[in-house]
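**Student:** Below is a structure I'd like to ask you about.
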Amino acid sequence: MKRLLEWQIATVKAIRPETPDVKTLTLALPDWTAHRPGQHYDVRLTAADGYSAQRSYSVASEPERTGEIDLTVERLADGEVSRFLDDAVAVRGPIGGYFVWDGSIGGPLLLVAGGSGVVPLMAMLRHRAAAGINDPARLLYSARTYEQIIYRDELEALARKDGLTVSYALTRSQPPGWKGYTRRIDDAMLREVSGPLGPDALAYICGPTALVEVAADGLERVGLPAEHIRTERFGPTGP
Ligand SMILES: Cc1cc2nc3c(=O)[nH]c(=O)nc-3n(C[C@H](O)[C@H](O)[C@H](O)COP(=O)(O)OP(=O)(O)OC[C@H]3O[C@@H](n4cnc5c(N)ncnc54)[C@H](O)[C@@H]3O)c2cc1C
């Protein structure tokens, strides 16, 4: 059996800015394995003096793209790892078996994201499009400002094509004429977004810890069974 958790050296093939603080790295992997959307890789950086630091980053791309993966990284001002990811890096993965969705699971899909928490959910949506899955899907995405929405153009294009609805909650500022939500995620918002999918929907929530907790508790309160809700926490702060 193939061993998935060995470190390998990935080459950065391309770097694409997504927002002022977020970039996508395309990594070529000498030992590529198809991931399940929602899985992540561990990334390890080692300094010249031998000090090394390791963090997890979700795969942003769909498994239909072979030989390479996209990681989308938000640069934290004082971040030990996120500021320095632009060279060859050691990675291992794909990792994770719980926060995953693919065509074999199917059914109505409810995705709730805060900030860079949209990354693993984007892998699910890209896979959904690449595999031609038409079950209804809804994304509720909370960001501070319009400029900080990651994948904005691609999400618009995906939402035009098939049964995907995208709703945004902009918590800090909104552009003139904004028609989306202008507050943090709450129960009323979750009821509006999840209602059309019915109680069979499977929900995936990802982002800062505080947002994940509000959204998971809220979805239960508005009627989604707890066993239909999967969560992944990225880090400490809120939007
Ligand atoms: C399963 C999993 C998947 C992840 N996927 C992604 C991803 O796709 N893209 C991505 O950008 N990040 C992702 N993360 C978060 C990532 O692993 C790091 O925690 C993040 O990049 C910060 O690392 P750093 O070394 O730059 O900062 P550190 O040096 O660890 O921390 C610097 C400062 O930022 C704060 N901080 C740490 N993490 C976060 C965070 N997530 N949000 C806000 N503040 C934080 C710390 O408290 C500290 O004050 C994921 C985390 C997990 C557990």
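Throughout the sequence shown, residue numbering follows the working numbering, covering 443 to 681 in sequence. Positions of the beta carbon are idealized from the N, C-alpha and C atoms, including for glycine.
With distances taken Cα to Cα, identify the nearest neighbour of D629 among R517, P618, E655, E589.
**Tutor:** E655
**Student:** With a Cβ-Cβ cutoff of 7 Å, do M564 and Y583 count as a contact?
**Tutor:** no
**Student:** Is any heavy atom of ligand 1 found at a distance shorter than 6 Å from the C-beta of F676?
**Tutor:** The beta carbon of F676 sits closer than 6 Å to at least one heavy atom of ligand 1.
**Student:** Is it the case that the CB of H482 approaches a heavy atom of ligand 1 more closely than 6 Å?
**Tutor:** yes
**Student:** Can you give me the C-alpha to C-alpha distance between D763 and A579, rounded to a whole angstrom?
**Tutor:** Given that the chain is displayed from residue 443 to residue 681, the structure contains no residue 763 and the question cannot be resolved.
**Student:** Among residues of its own chain, excluding the 5 on either side of L471, which ones have a beta-carbon nearer than 8 Å to its beta-carbon?
**Tutor:** Short of 8 Å from the beta carbon of L471, and not among the five residues preceding or following it, lie these beta carbons of its own chain, in chain order: Q450, A452, G509, E510, I511, V533.
**Student:** Can you find a C-beta in chain C that's less than 7 Å from the C-beta of G637?
**Tutor:** Of the protein chains in this structure there is only one, and it is not chain C.
**Student:** Tell me whether G677 sits in a helix, a strand or coil according to DSSP, three-state version.
**Tutor:** In this structure, G677 counts as strand in the three-state DSSP scheme.
**Student:** Which same chain residues end up closer than 6 Å to A601 when comparing Cβ atoms and leaving out the 5 residues on each side of it in sequence?
**Tutor:** If you ignore the 5 residues before and after A601, its C-beta comes within less than 6 Å of the C-beta of V608, all in its own chain and listed in chain order.
**Student:** Considering only the alpha carbon of each residue, which of L518, E506, V560 lies closest to C648?
**Tutor:** Of the candidates L518, E506, V560, the one whose C-alpha sits nearest the C-alpha of C648 is V560.
**Student:** Could you check what DSSP says for A658 in three-state terms: helix, strand or coil?
**Tutor:** helix
**Student:** With a 10 Å radius around its C-beta and 16 neighbouring C-beta atoms as the bar for buried, classify I575 as buried or exposed.
**Tutor:** It is buried - the Cβ of I575 has at least 16 other Cβ atoms within 10 Å.
**Student:** Using a 10 Å radius around the Cβ and a threshold of 16 neighbouring Cβ atoms, would you call P678 buried or exposed?
**Tutor:** exposed
**Student:** When we look at the beta-carbon of I457 and count the other beta-carbons within 10 Å, is it buried (16 or more) or exposed?
**Tutor:** exposed
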